[in-house]
Amino acid sequence: MASPVRVRFAPSPTGHLHVGGARTALFNWLFARHHRGAFVLRIEDTDRSRSTDENIVAIVDALQWLGLDWDEGPPTPGYRQTERFAIYREHAQRLLASGRAYYCDCPPELLDRERGVAQQRGETFRYSGRCRDRGLGAGALRLRIPTAGATVVNDLIHGPVTFEHSQLDDWILVRTDGTPTYNFCVVVDDVTMSITHVIRGDDHLSNTPKQILCYEALDYAVPEFAHVSLILGKDRSRLSKRHGATSVQAFRDSGIPADALVNYLARLGWSHGDQEVFSRAELVELFDIKNVASSGAVFDATKLEWLSQLYLKTMDGARLAELAEPFVRAVGLTPPPDRPRFIAMLDTLRERAKTLVELVEQGRFYFERPAAYEAKAAQTLLTVEGARRLGLVIARLEGAPEFTVAAIERVFRALTEELGLKLVDLAQLARLAATGRTASPPIFDVLALVGREESLVRLRRAREAAERTA
Ligand code: GLU
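Numbering (this note's numbering), first residue to last: 2 to 471.
This is the structure in structure tokens:
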């Protein structure tokens with residue numbers, strides 16, 4: 002029986018989680034869940050000068066927000082590379098003892114000179130192998146790689162990619178100061194964590210032949226590899242800050258629901274026919290690494306917003322309230338304590354916004370009295386005649402037997418008829434009074450949700466404003 006699938010996401014905490022990293026994490030997570038395997042989170046923090054604890058917290062937060070739960074990883078100790086130096090040392094010793102690695106004491110100046118010569122010739126620098134057979138007892142530890150032949154990476158996405166050994170060199174496993182190099186740590190970690198499939202960014206493809214040679218030197222089975230393409234901006238260069246928001250945190254803060262971002266990232270370079278909208282369960286069921294495109298995928302913010310809007314429109318009301326609440330509070334407002342009422346308010350807004358930030362902006366008036374009226378509308382509506390009409394609306398609403406949407410509508414229709422007006426004449430007046438704006442969700446719904454008492458306060462204030470300008 003094949004061993005159970007084990008994959009890992011191995012971010013370097015040198016910044017926040019970028020959407021490219023998030024997509025790599027998602028593909029690993031989907032692969033693990035599809036195969037009922039394990040998803041491991043490992044923090045690659047050996048570059049101590051650029052790794053910070055704040056970044057680890059931010060990455061962990063972002064993954065949790067995306068709902069990409071890991072079966073092994075922090076906070077359990079042993080999943081940060083800086084905690085694993087003894088393991089790297091032990092593996093280095095083994096390679097040294099078996100003769101698959103050797104010490105090199107070439108002075109840096111010599112290597113720099115050789116590097117300079119190679120650069121001048123337009124070639125990549127490769128270590129000469131000068132110390133291979135010197136049997137030194139100290140220095141930098143290098144992997145002895147076969148001089149002839151080639152290593153083939155049988156990539157699950159790219160197919161076979163051949164690297165001639167003549168193009169590689171005896172790379173350093175452990176530096177003279179005793180610190181293990183990045184590629185060596187990755188191999189030892191993947192081996193000791195029993196990783197079966199390495200799914201990572203394309204930018205690591207050139208590391209893979211080096212790593213495979215190290216697995217072989219350690220006599221370990223080589224895992225499968227899948228290198229996921231980079232995410233590109235519209236100009237087809239690598240997606241970066243100059244293309245706009247790129248961190249998961251920025252999308253979260255802009256009010257994109259996590260499920261929408263997950264749906265979007267899954268479809269970025271992966272497809273299942275021409276289906277665009279997937280539940281998480283569908284993604285888990287249908288995800289196949291073989292259907293990931295090998296070419297770079299262009300990030301399309303408009304499509305992400307389209308999905309975001311769709312999720313806002315269709316999600317369960319209680320869930321929408323849960324997601325919207327922090328965004329209401331973030332602008333200093335408070336949702337009503339009556340949850341069903343809050344949900345009903347959001348129901349009138351959910352078709353009108355692409356993000357939760359927009360949704361709250363569209364519905365501010367539910368949570369606070371309008372501080373001002375749209376100037377142009379105030380000029381045409383808040384007049385002497387406007388004050389008179391508002392007075393009539395107020396009197397009728399005060400006397401209405403109930404304050405439901407239907408009852409409010411009846412009041413407006415009857416009054417419109419009596420005054421020989423169009424419904425829109427009174428509706429726009431009431432809308433301006435209740436929301437400060439000329440566009441809002443249906444006004445009878447708005448008044449009913451704001452409630453009789455507060456609606457009357459707002460209508461009276463508008464009437465006073467109209468009287469003042471008259
Ligand atoms: N730490 C690497 C990165 O953040 C990932 C290495 C790997 O997945 O092998 O790009």
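Think of the CB as a built atom: it goes at the ideal place given N, C-alpha and C, for glycine as much as any other residue. Please read all numbers here as calculations on a predicted model, not as lab measurements.
Practice item. Could you please give me the residues that DSSP links to F10 through a beta bridge? Key: L42
Practice item. Alpha carbon to alpha carbon, how far is K423 from R414? Give it in angstroms, no decimals. Key: 9 Å
**Study point:** Alpha carbon of L324 to alpha carbon of E369, nearest angstrom
**Key:** 19 Å
Check your understanding: Considering only residues of the segment 195-269, which uninterrupted beta strand (DSSP E) runs meet the minimum length of 3 residues and lie entirely inside it, listed in chain order?
Key -> 198-202 and 225-229
**Study point:** Nearest candidate by alpha-carbon position, reference H198, set T180, G364 and V229
**Key:** V229
Review point. Looking at T83 and D46, is the spacing between their C-beta atoms short of 9 Å?
Key: yes
Exercise for review: Using beta-carbon positions only, say whether G387 and A435 come within less than 9 Å of one another.
Suggested key: no
Check your understanding: What do you reckon, are the CB atoms on L174 and R143 nearer than 9 Å?
Key -> yes
Point to revise | In chain order, each beta strand (DSSP E) run of at least 3 residues that lies wholly inside the segment 23-110 | key: 39-42 and 102-105
Check your understanding: How long is the line joining the alpha carbons of A345 and G318, rounded to whole angstroms?
Key -> About 8 Å.
Practice item. Please determine if the segment 287-298 and the segment 36-56 are in contact, where contact requires at least 3 C-beta pairs separated by less than 8 Å. Key: no
Exercise for review: From the DSSP output, read off the bridge partner residues of H19.
Suggested key: S248
Exercise for review: Select from H19, T25, S248 and T182 the residue whose C-alpha is nearest the C-alpha of F10.
Suggested key: T25
**Study point:** Beta-carbon spacing of A218, R116 below 9 Å
**Key:** no
Point to revise | Inter-residue spacing [alpha-carbon to alpha-carbon] between P443 and R268 | key: 35 Å
Review point. Where do the ends of the alpha helix (DSSP H) carrying G318 lie?
Key: G318 to A331
Point to revise | Simplified DSSP state of T152, which is helix, strand or coil | key: strand
Point to revise | Sequence-distant residues of the same chain with beta carbon closer than 8 Å to L360, five excluded per side | key: Once the five neighbours on either side are set aside, the close Cβ partners of L360 are G256, L313, A325, F328, L347, L350, R351, R353 and A354.
**Study point:** Residues that F164 bridges to, as DSSP identifies them
**Key:** T152
**Study point:** Own chain partners of P181 with C-beta closer than 6 Å, once the 5 adjacent residues on each side are dropped
**Key:** Y89 and V175
Point to revise | Where the alpha helix (DSSP H) containing I409 begins and where it ends | key: V406 to L420
Check your understanding: Would a C-beta distance cut-off of 9 Å place K242 and F300 closer than the cut-off?
Key -> no
**Study point:** Cβ contact check for the segment 148-159 and the segment 114-128: 3 or more pairs under 8 Å
**Key:** By the Cβ criterion, the segment 148-159 is not in contact with the segment 114-128, since fewer than three pairs of Cβ atoms, one from each stretch, lie closer than 8 Å.
Point to revise | CB of R237 within 9 Å of CB of L169, strictly | key: No; because the gap between Cβ atoms is not below 9 Å, this pair is not in contact.
Review point. Under three-state DSSP, which class holds I173?
Key: strand
Practice item. Using only the heavy atoms of the ligand GLU, determine whether one of them is closer than 8 Å to the beta carbon of R201. Key: yes
Exercise for review: Write down the C-beta distance between P78 and V61 rounded to the nearest angstrom, noting that I regard them as a contact closer than 8 Å.
Suggested key: At roughly 14 Å, the Cβ-Cβ gap does not stay under 8 Å, so P78 and V61 are not in contact.
**Study point:** Check: R9 C-beta below 8 Å from any heavy atom of the ligand GLU
**Key:** yes
Review point. On the premise that V8 lies in contact with I232, defined as a C-beta separation below 8 Å, what is that separation, rounded to the nearest angstrom?
Key: The beta carbons of I232 and V8 sit about 20 Å from each other, so the pair does not count as a contact at 8 Å.
Exercise for review: Using only the heavy atoms of the ligand GLU, determine whether one of them is closer than 8 Å to the beta carbon of G437.
Suggested key: At a threshold of 8 Å, G437 does not count as near the ligand GLU, since its beta carbon sits no closer than that to any of the ligand's heavy atoms.
Point to revise | Check: E45 C-beta below 8 Å from any heavy atom of the ligand PLP | key: Among the ligands present in this structure, namely the ligand GLU, the ligand PLP is not found.
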